[in-house]
Structures are given as C-alpha cells and as structure tokens.
C-alpha cells in the first residue's frame, strides 16, 4: 500500500502554466495497490483510488523540491495492463448470467459445466490478456469450419472452392438439408458446406490437426469420446453428405469425408487457443506467438469475409451491427473473433442462445467491441485501433528529483485508444521495470478514444 507523498513542483516560468495545462493528459491504469501516484504540473502526491496516474509537465520548467516518503517500487510494476483489467470487469459482469442452455444434439456436450466463463485477447504483437476460465478445454466444433475453409483454398485455390461452395448467408438453420439452385452449399459455415469443404481438404485428420495446431501455436488433440458420440449420432450429417454425393460435388467418399468432419469438430481447444487463432488471422496468417507463417494473406481475406457474413449462424446480421467484426462460433461454447491488423478474441461459455451461439460469449464480445471501439463499421473506430496510427514512444528523457532519484519522461504520439495505451504500458514494463516515477508526455495531434 502506498503511503502519503508530500511534494512540491515549482515552475521557473509562470507564463507557461496555461500551455502546460492545455497540453496535459491524465490516464489511469488499475493496479493491485490501493493508492496512486499522480504527477501534475503543480504537485506529486498519493491518493486512495487504486490507480496510477500520469500527467504531462514541462521537464524544463518544473522541478521537485521535496519528495517523501519513498514509494515502494514492486507494487507499482506488478500489473499495469488496462486490457487485463477490462477483461476481468467484463468476465465478472457476465459470469453470473445463467441465460441459455447446453447443447443437447450431441449428448456428451450436455456434461459441460454451465458456470464456465472466460475471455482472452491476443494482440498481433503477441501480448496475451485473459480473464476467467481461459485454460478450460472444450471442443472447437463449428469454429473449425473457418480453418478448414482456409485449408481447402490452400489446396485448390479460391476459384475451384467457389465452384463447389458458395459464400451467401443461408437464412436457414446450420444443419439445414438444403442446397442452392445451382446445387452448391450456400456457404462453408453451415454443416452442408462444411462437409463439402472437409471432403476437399487433402490428406487425413493428421494434416488437419497439424494445420490447426499451427494456428493455435501448440499441439492440439482430438477428444475421442466426443468424436465417437458425434459419429454415432450424426445421422443428419450423413444425410447432408449423401445429398452432396448425389449432387456430384463431394470431393471424396461419404464416410472418409464424414470422419474428417466429425474429428475436426472434436479437436480440443481453450479460449487462449481461440484468441491466438484470431490473432493469427488478424496478423495476415502469421502466428504472433510462434512467428510461423500459417497461411497467406489472400486466404485470410477470403476467410474473414465469409466469417463476417456467415460466421454467427442466423445472428450474423445482428452481430455485424452490434459487434462489427469477423467471428465464428461453435456449439461447444467458443467464439473466435478477429480485429484485422490488431488482435484476436477468444471466449468460452457453454450456455447457448436460441441460434447456437454462446450466450455469454456474444454479450462479452459486444461489450468489448463497444468499450474499445472495435466495430469495423464505426467511423474512425478502426483508425484508432490500427497499429499504423496507434500511440508510440517517440523519445525518452530523465529529470533528476531528490537524493539521486529521477523521473523518467516518455514522449508519446499517435492515437490513444486503450489498445494504444496498452502498447505504451507494455513497453514501459519491459524497458523500464526499475523506474519508480514515470511521466507520459503526449505531443502532436493525438486522438483520444
């Protein structure tokens, strides 16, 4: 706990006060302590709201006359992540919401714990922020359809895949027994389209597992019990496969295609994996954790486009309006969401709404998108989030204060959304872990979200 600080900053040029105040910026970052440090043009003192505040002051005009007692350093640097704090707030807000139901058409899914709830962000810089039940494994289910679509395009090219599977929203249930008039599945995110895509992916399930593992950045495996359960009860999916065979477009025999499809849906993941998959797509096909090239950017563009229009079942239109991001859900309770060029989001909660999306997952993604201005269709929203315009450190200087101590002054320019602030905070944690006092100076035409 921080004790009281008594300090006085004096200025040698009183005429500069108004300029200093006009250019000042104060930003709070939650910390595990109970008191903050506040640096202003006129004082440096502690209060009791559990936050660290930094405000610009002129390093040439102000100096600290007295500073006591000394502030403990370790609590200051323990956790400066605004994103982690935000995720904890959102997760706690919705964890008690027991709306929805467990998936029942696959009997084993009814055994899921309805209280599980987790949310993760992975940025294209490889930073991971999480809250809740992030390590709890579950089966990927329909989220696998997006990665299989990418793999099919890699094997055959976009034109050939489009000949056998359209990309139009169907307006039908995800397991509808229906082809379009030209005898193609409506899109690869419903079951009939996903079975068609699975039949076009070359190789066996080992090749699929390898591809998915590269996306997640770790070796993944199949839940054998879920696979056997899906295979034993998947009569409607068999009917879909035979409908495709009758149309003459199925890429292989019915049983090998179905085995691949059932197994791809039975791959175990957690919310961190989904966020990493999303971040890999956000990063143009390069896994930001392992740095491995998983797919090419043109495939990412096609995959994200289909996720945007078809990824959330019959809620896709409302999702686009409320969240405004490419996403894919699964009846296992997961949602994988992508902010192109910025980050991936993974959520897990097994309680589903009436169209088969995670009830809590939809609510958490909707709030996160609103809080961070992530909606792609919001004017200036993506500009504020874009790495090209985000806040960055331009200069670092130091100002002596008292008994050999110094204040680190970090000059920042760019757009100061919470994601931009997160980049600055991370850089401070990594490069200035021993600096007890840090001032952030904002310059230029910075935009604030």
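Residue numbers (this note's numbering): 1121 to 1569.
Here a beta-carbon is modelled for each residue, glycine too, at the ideal position from N, C-alpha and C.
Just so we're clear, the structure is a prediction, and the values are computed from it rather than from any experiment.
Task: Status (buried if at least 16 other CB within 10 Å, exposed otherwise) for residue 1432 - done: Classification for residue 1432: buried.
Task: One or two residues paired with residue 1479 in a DSSP bridge - done: Per DSSP, none; premise fails for residue 1479.
Task: Cβ separation of residue 1511 and residue 1544, assumed to be a contact under 8 angstroms, to the nearest whole Å - done: At roughly 6 angstroms, the Cβ-Cβ gap stays under 8 angstroms, so residue 1511 and residue 1544 are in contact.
Task: Nearest-angstrom beta carbon gap, residue 1472 and residue 1249 [assumed within contact, 8 angstroms] - done: Residue 1249 to residue 1472, Cβ: 25 angstroms. No contact.
TODO: Could you check which residue in 1226, 1291, 1251, 1551 has the C-alpha nearest to that of residue 1259?
DONE: Nearest C-alpha to residue 1259: 1226.
Open item on the list: Checking the sheet assignment: what are the DSSP bridge partners for residue 1561?
Closed with: Answer is 1531.
Task: Segment contact, 8 angstroms Cβ cut-off, at least three pairs: the segment 1384 to 1399 with the segment 1255 to 1270 - done: In short, these stretches touch, since the Cβ pair count reaches three.
Open item on the list: Quick check on DSSP: helix, strand or coil for residue 1332?
Closed with: In this structure, residue 1332 counts as helix in the three-state DSSP scheme.
- [ ] Could you tell me the boundaries of the beta strand (DSSP E) in which residue 1467 lies?
- [x] Boundaries of the beta strand (DSSP E) around residue 1467: 1463 to 1468.
Task: Backbone secondary structure at residue 1354 - three-state DSSP - done: In the structure shown, residue 1354 falls within a coil segment according to DSSP collapsed to helix, strand and coil.
Open item on the list: What does the Cβ neighbour count give for residue 1324, buried or exposed, with the cut at 16 atoms within 10 Å?
Closed with: When all chains shown are included, residue 1324 counts as exposed.
Open item on the list: Between which two residues does the beta strand (DSSP E) holding residue 1398 run?
Closed with: Where residue 1398 is concerned, there is no enclosing beta strand (DSSP E), although the alpha helix (DSSP H) it sits in stretches over 1391 to 1402.
TODO: Give a yes or no on whether the C-beta atoms belonging to residue 1513 and residue 1246 are separated by under 8 angstroms.
DONE: Cβ atoms of residue 1513 and residue 1246: not closer than 8 angstroms.
TODO: With DSSP collapsed to three states, give me the class of residue 1290.
DONE: Three-state result, residue 1290: coil.
Task: Beta bridge counterpart(s) of residue 1243 as assigned by DSSP - done: BP columns for residue 1243 point to 1463.
TODO: Would you list the one or two residues that DSSP bridges to residue 1458?
DONE: Looking at the DSSP assignment, residue 1458 forms a beta bridge with 1464.
Open item on the list: What residue range does the beta strand (DSSP E) around residue 1449 cover?
Closed with: Counting along the chain, the beta strand (DSSP E) containing residue 1449 begins and ends at 1447 to 1449.
TODO: Measure the alpha-carbon distance for residue 1465 versus residue 1389 and round it to whole angstroms.
DONE: Going from the Cα of residue 1465 to the Cα of residue 1389 covers about 14 angstroms.
Open item on the list: Using a 10 Å radius around the Cβ and a threshold of 16 neighbouring Cβ atoms, would you call residue 1353 buried or exposed?
Closed with: Classification of residue 1353: exposed, given that the 10 Å Cβ count is below 16.
Open item on the list: Is the beta carbon of residue 1385 closer than 8 angstroms to that of residue 1228?
Closed with: For residue 1228 and residue 1385, no; Cβs fall outside 8 angstroms.
Open item on the list: Beta-carbon within less than 7 angstroms of residue 1337's beta-carbon, same chain only, minus the 5 sequence neighbours each way: which residues are those?
Closed with: Closer than 7 angstroms at Cβ, skipping near neighbours: 1396, 1407, 1409, 1410.
Open item on the list: Determine whether the beta carbon atoms of residue 1476 and residue 1455 lie at a separation below 8 angstroms.
Closed with: In this structure, residue 1476 sits away from residue 1455, with a CB-CB distance that is not shorter than 8 angstroms.
- [ ] State buried or exposed for residue 1297, treating a residue as buried only when at least 16 other CB atoms are found within 10 Å of its CB.
- [x] Classification for residue 1297: exposed.
Open item on the list: Residues in the same chain with beta-carbon distance under 8 angstroms from residue 1224, minus the five sequence neighbours each way, listed in chain order, please.
Closed with: 1230.
TODO: Spell out a yes or no on whether the segment 1309 to 1319 and the segment 1356 to 1372 are touching, meaning 3 or more CB-CB pairs, one atom from each, closer than 8 angstroms.
DONE: The answer is yes - the segment 1356 to 1372 touches the segment 1309 to 1319, with three or more Cβ pairs under 8 angstroms.
TODO: Compute the Euclidean distance between the alpha carbons of residue 1210 and residue 1439, then round it to the nearest angstrom.
DONE: Each residue's alpha carbon lies about 18 angstroms from the other.
Task: Beta-bridge partners of residue 1520, as assigned by DSSP - done: Under DSSP, residue 1520 shares a beta bridge with 1526.
Task: residue 1320 burial status per 10 Å Cβ neighbour count (16 or more: buried) - done: Residue environment analysis places residue 1320 among the buried positions, since at least 16 neighbouring C-beta atoms fall within 10 angstroms of its C-beta.
TODO: Kindly indicate which three-state DSSP category residue 1299 falls into: helix, strand or coil?
DONE: It is coil, neither helix nor strand.
Open item on the list: For residue 1201 and residue 1340, what's the separation of their Cα atoms in angstroms?
Closed with: The straight-line gap from Cα to Cα measures roughly 29 angstroms.
- [ ] Would you mind giving the Cβ-Cβ distance between residue 1377 and residue 1371, rounded to the nearest angstrom? I have them listed as a contact below 8 angstroms.
- [x] Confirmed, about 7 angstroms.
TODO: Report the residue from 1375, 1295, 1533, 1401 whose alpha carbon sits nearest the alpha carbon of residue 1244.
DONE: Closest by alpha carbon: 1401.
TODO: Let me know the secondary structure DSSP gives residue 1259 once reduced to three states.
DONE: Of the three classes helix, strand and coil, the one that applies to residue 1259 here is strand, per DSSP.
TODO: For residue 1441, count neighbouring Cβ atoms within 10 angstroms of its own Cβ and tell me buried if that reaches 16, exposed if not.
DONE: Answer is exposed; the Cβ neighbour count stays below 16.
Task: C-alpha distance - residue 1256 paired with residue 1285, whole-angstrom precision - done: CA-CA distance, residue 1256 to residue 1285, rounds to 34 angstroms.
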